[in-house]
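Asks:
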Amino acid sequence: MLAVSASLRRGPFVLDVGFETPTPGVVALFGRSGCGKSTAINIIAGLLRPQSGRIVLDDDVLLDTESGVNVPPERRAVGYVFQDARLFPHLSVAANLRYALRRAARAPYVTRDTVVDLLALGPLMDRRTHQLSGGERQRVAIGRALLSQPRLLLLDEPLAALDEARRGEVLPYLESLRDQLRLPMVYVTHDFAEVLRLATHIVLMEAGRVTAQGKVGDMSLDRRLRSIIGPDEVGAIIDGTVLGIDPISNLWRVRLGSGEVNVQAGDLDVGAPLRVQLLARDVIVSTQMPRHLSVRNSLAGIIAGVQDDDSDSDLITIDIGGEKILARITKAATRELSLRPGMQAWALVKSISLRGHAFAARTDRRRAPT
Amino acid sequence: MMWLTAGESTALQLSLAVAARSVACSLPPAVGLAFLLTRKRFAGRTLLDAVVHLPLVLPPVVVGYGLLLIFGARGVVGSWLANQFGVELMFTRNGAALATAVMSFPLMVRAMRLSLENVDRGLEDAARTLGARAPDRFVTITLPLMLPGILAGTVTAFSAALGEFGAVITFVSNIPGETRTLPLALYTALQEPGGEHAAARLASLSVALGLAGLLLSELLARRLRRVLGR
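As they're listed, the protein sequences go chains S and G. With my numbering applied, the first sequence corresponds to residues 47 to 416, in that order. With my numbering applied, the second sequence corresponds to residues 56 to 285, in that order.
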């Protein structure tokens, strides 16, 4: 478990945060630029000292201003991947990695070979750092942080400086840290696509404060998320289970709640978890069992809530047997169908508009940091 | 060196020996002081900064006179050194090295401070999160990154040390073979009737030395920049 509470005042800027997440897990500190996310992880790393605060990682107190405990960053065993990589320019890639490995305070749980393999650093080892592309720099930075044998990895918008293609190049590596090394991570970002792919928990920040926190699934239904990501990105995120492949459509059958959807995705294992996002604007609501439609996915459920979304549309919450999904429809439609809580309803969504993200190791190379 | 006269050769060797000693002794304190003045905030920092830079704005004779007062036979430090260790600074080449060191010290510190200010402190923070403690960080990150400044400071100070005149002649006088460095030899030649030719040769030698120093430093700086990828 990682528990953080800290307050810091610097000029007009006031930070006052508190959150708690289980470990291992990936908690996303999510919010707009300038809301204090980076300040918060600098405090966790120990590079910034808050006026008051307490940080506990598993059973170790890293900071407790009340009792005067303040473990310096070099002894926290907390890895940090900076937005600008911060590779040492006077050292080669191999020497950058060695720098971390030599100073690791704990017995290695990640070897150099594992890191080189996991992040595909082999061809880069002899290069100087200025000969690397942005994506390569970040991969080396991640590798270097891993080799310091951290018990927690902090990542400060590691993809923000990269273009779309480079992001796609680095993201899978971060997923394998989560799934194969099961390394606890705190991931700072203002890009919800990264949260969707990586995070297990979200801490929502606004103007130096935590406004909401919880599991990604629960948070995807939270109204406070909408103000940051915008109405078009609102949608339920559900961690479903892969049931198998549908031989006719060649789509993956995935269990969500008590229903089932067909999703396009890459290689998956039967029984593996698959995260599916159902954007509220793509979900159609029917009050009758749908027939004669091209839509592949129909989820039966009970309406759990009808809320104002904006002046023209409503946000309908439908309980599909344990999981909830959101549908954004016009107020006119709500009136016409006289939708209200307790009614039976069917949520329809095209397979094309579903995004599936694998969320578990496909291999057995699991190693838990202790 | 067959194309130099015996006197020229002696003066040249003496100049190089004095400059080398002066630079070697002032290098460590200059690095330390540059670090202190750039990175630390403490009471009296501005005053210390001013004292270090004082030789730049004082007439060299004043520095030489000050050294006489402190390190001379009856000076506080001078008499103590003589009694405890039998070290004489007055009228010796070590004294000449001390005088040039004091004069060229601010040049060295300035160059180092400039490069230290350009060292990205984020890199030191990164080293910190990787487990490097303060002395370790200084040696493995800060020092290599300020190397261009250390190099520039060393070359500048060495060149200035070769040419130091006022403080040297005031503190250790003009003794052939002991304290008569190139500029002092040049000055002496100009004082003697018919010494124009000798003076011209010594002046040319000084120019050649200075030029060689500057070229060498530029070459080294270029190579360093390539290593550091800038």
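Here a beta-carbon is modelled for each residue, glycine too, at the ideal position from N, C-alpha and C.
1. Go ahead and label G/Gly99 buried or exposed: buried means 16 or more other beta carbons lie within 10 angstroms of its beta carbon, across all protein chains shown.
2. Check for me: the alpha helix (DSSP H) holding G/Leu252 runs from which residue to which?
3. Hey, is S/Ala311's beta-carbon within less than 8 Å of any beta-carbon in chain G?
4. Using only alpha-carbon positions, find the residue among S/Pro154, S/Ala206, S/Met389 and S/Glu382 that is nearest to S/Gly347.
5. Give every residue of the same chain whose Cβ lies closer than 6 Å to the Cβ of S/Asn88, excluding the five residues on either side of it in the sequence, and list them in chain order.
6. Check the Cβ-Cβ distances between G/Ile196 and every residue of chain S, and say whether any is below 8 Å.
7. One question on the structure: do S/Leu227 and S/Val216 come within less than 8 Å of each other, judged by their Cβ atoms?
8. Does the beta carbon of G/Gly208 come closer than 8 Å to any beta carbon on chain S?
9. Would a check of beta-carbon distances place S/Ser194 closer than 8 Å to chain G?
10. Starting from S/Glu240, follow the alpha helix (DSSP H) in both directions and report where the run begins and ends.
11. Take S/Lys396 as the anchor and find which of S/Leu345, S/Pro169, S/Val60 and S/Leu147 has the nearest alpha-carbon.
12. With a Cβ-Cβ cutoff of 8 Å, do S/Val316 and S/Val300 count as a contact?
13. Could you tell me whether any Cβ in chain G is nearer than 8 Å to the Cβ of S/Glu120?
14. Could you compute how far the alpha carbon of G/Pro114 sits from the alpha carbon of G/Met158?
15. In the DSSP assignment, the alpha helix (DSSP H) including G/Ser159 goes from what residue to what residue?
16. With a CB to CB cut of under 6 Å and the five nearest residues on each side skipped, what residues in its chain are close to S/Ser194?
17. If we ignore side chains and look at the alpha-carbon of each, how far apart do S/Leu103 and G/Asp175 end up?
18. In angstroms, rounded to a whole number, what distance separates the CA positions of S/Arg386 and S/Leu361?
19. Starting from G/Leu103, find everything on chain S with Cβ-Cβ shorter than 7 Å and list it in chain order.
20. Going along the chain, which unbroken runs of the beta strand (DSSP E) with 3 or more residues stay wholly within the segment 130-206 of chain S?
21. In or out: S/Asn308 buried (at least 16 other Cβ within 10 Å) or exposed?
22. Quick one: which unbroken alpha helix (DSSP H) runs of 4-plus residues sit fully inside the segment 253-338 of chain S? Chain order, please.
23. Where does S/Lys370 sit, in a helix, a strand or coil, going by DSSP?
24. Between the C-alpha atoms of S/Gly64 and S/Gly260, what's the straight-line distance to the nearest angstrom?
25. Within a Cβ cutoff of 8 Å, which residues of the same chain sit near S/Thr287, ignoring the five residues on either side of it in sequence?
26. Just the C-alpha distance for G/Pro190 and G/Ala182, rounded to the nearest angstrom, thanks.
27. Could you please give the first and the last residue of the uninterrupted alpha helix (DSSP H) stretch that includes G/Thr197?
28. Could you tell me whether any Cβ in chain G is nearer than 8 Å to the Cβ of S/His136?
29. Terminal residues of the continuous alpha helix (DSSP H) containing S/Gln353?
30. Could you tell me the alpha carbon to alpha carbon distance between S/Val417 and S/Ile371, rounded to whole angstroms?
31. With a 10 Å radius around its C-beta and 16 neighbouring C-beta atoms as the bar for buried, classify S/Asp355 as buried or exposed.
32. Helix, strand or coil for G/Ile230? Go by DSSP, reduced to three states.
33. Between the segment 183-190 of chain S and the segment 117-131 of chain S, do at least 3 Cβ pairs fall closer than 8 Å?
34. Taking C-beta pairs closer than 7 Å, name the residues in chain S that G/Ala187 reaches, listed in chain order.
35. Confirm, please, whether the CB-CB distance from S/Pro119 to G/Thr197 is below 8 Å.
36. Looking at S/Asp364: is its Cβ nearer than 8 Å to the Cβ of S/Ala378?
Replies: Looking at the atomic coordinates:
1. Here G/Gly99 is exposed, its C-beta having fewer than 16 other C-beta atoms within 10 Å.
2. A small correction: the amino acid at residue 252 of chain G is His; Leu does not occupy that position in the sequence shown. Run containing G/His252: Glu251 to Leu283, per the alpha helix (DSSP H) assignment.
3. Not one chain G Cβ lies under 8 Å of S/Ala311.
4. For the options S/Pro154, S/Ala206, S/Met389 and S/Glu382, the alpha carbon positioned closest to that of S/Gly347 is the one of S/Met389.
5. Taken in chain order, the residues that qualify are Leu94.
6. The beta-carbon of G/Ile196 is placed less than 8 Å from the nearest beta-carbon of chain S.
7. No. Outside cutoff.
8. By this cut-off, G/Gly208 is not an interface position.
9. Yes - at least one Cβ of chain G is within 8 Å of the one on S/Ser194.
10. Residues Phe238 to Leu244.
11. When C-alpha distances from S/Lys396 are compared across S/Leu345, S/Pro169, S/Val60 and S/Leu147, the shortest belongs to S/Leu345.
12. S/Val316 is not a Cβ neighbour of S/Val300, given a cutoff of 8 Å.
13. Yes, contact with chain G.
14. One C-alpha to the other measures close to 10 Å.
15. Taken as a continuous stretch (DSSP letters only), the alpha helix (DSSP H) holding G/Ser159 covers Arg148 to Glu172.
16. Taken in chain order, the residues that qualify are Gly125, Ala146 and Ala150.
17. S/Leu103 and G/Asp175: Cα-Cα distance of roughly 30 Å.
18. So the two alpha carbons sit approximately 11 Å from each other.
19. Per Cβ cutoff of 7 Å: no residues; G/Leu103 is ~27 Å from chain S at best.
20. Qualifying beta strand (DSSP E) stretches, in chain order: 198-202.
21. Burial of S/Asn308 is indicated by the presence of at least 16 other C-beta atoms within 10 angstroms of its C-beta.
22. Positions of the alpha helix (DSSP H) runs, each at least 4 residues long and wholly inside the segment 253-338 of chain S, are given as 262-265 and 269-275 in order along the chain.
23. Three-state DSSP puts S/Lys370 in a strand.
24. The C-alpha of S/Gly260 is placed about 12 Å away from the C-alpha of S/Gly64.
25. So the qualifying residues of the chain are Val300, Arg301, Gly317, Ala318, Pro319 and Leu320.
26. G/Pro190 and G/Ala182: Cα-Cα distance of roughly 11 Å.
27. Here G/Thr197 belongs to no alpha helix (DSSP H), and DSSP marks it neither H nor E.
28. Residue contact check for S/His136 against chain G: a CB pair falls below 8 Å.
29. Segment Asn343 to Asp354 is the beta strand (DSSP E) holding S/Gln353; no alpha helix (DSSP H) there.
30. There is simply no residue 417 of chain S to check, as chain S begins at 47 and stops at 416 in what is shown.
31. Buried, because 16 or more other Cβ atoms sit within 10 Å of the Cβ of S/Asp355.
32. DSSP places G/Ile230 in coil when its eight states are reduced to three.
33. A contact exists between the segment 183-190 of chain S and the segment 117-131 of chain S.
34. In chain order: Glu120 and Arg149.
35. Against a cut-off of 8 Å, the Cβ pair of S/Pro119 and G/Thr197 comes out as no contact.
36. Reading off the sequence shown, one finds Ile at residue 364 of chain S, where the question assumed Asp. Taking C-beta atoms as the reference points, S/Ile364 and S/Ala378 fail to come closer than 8 Å.
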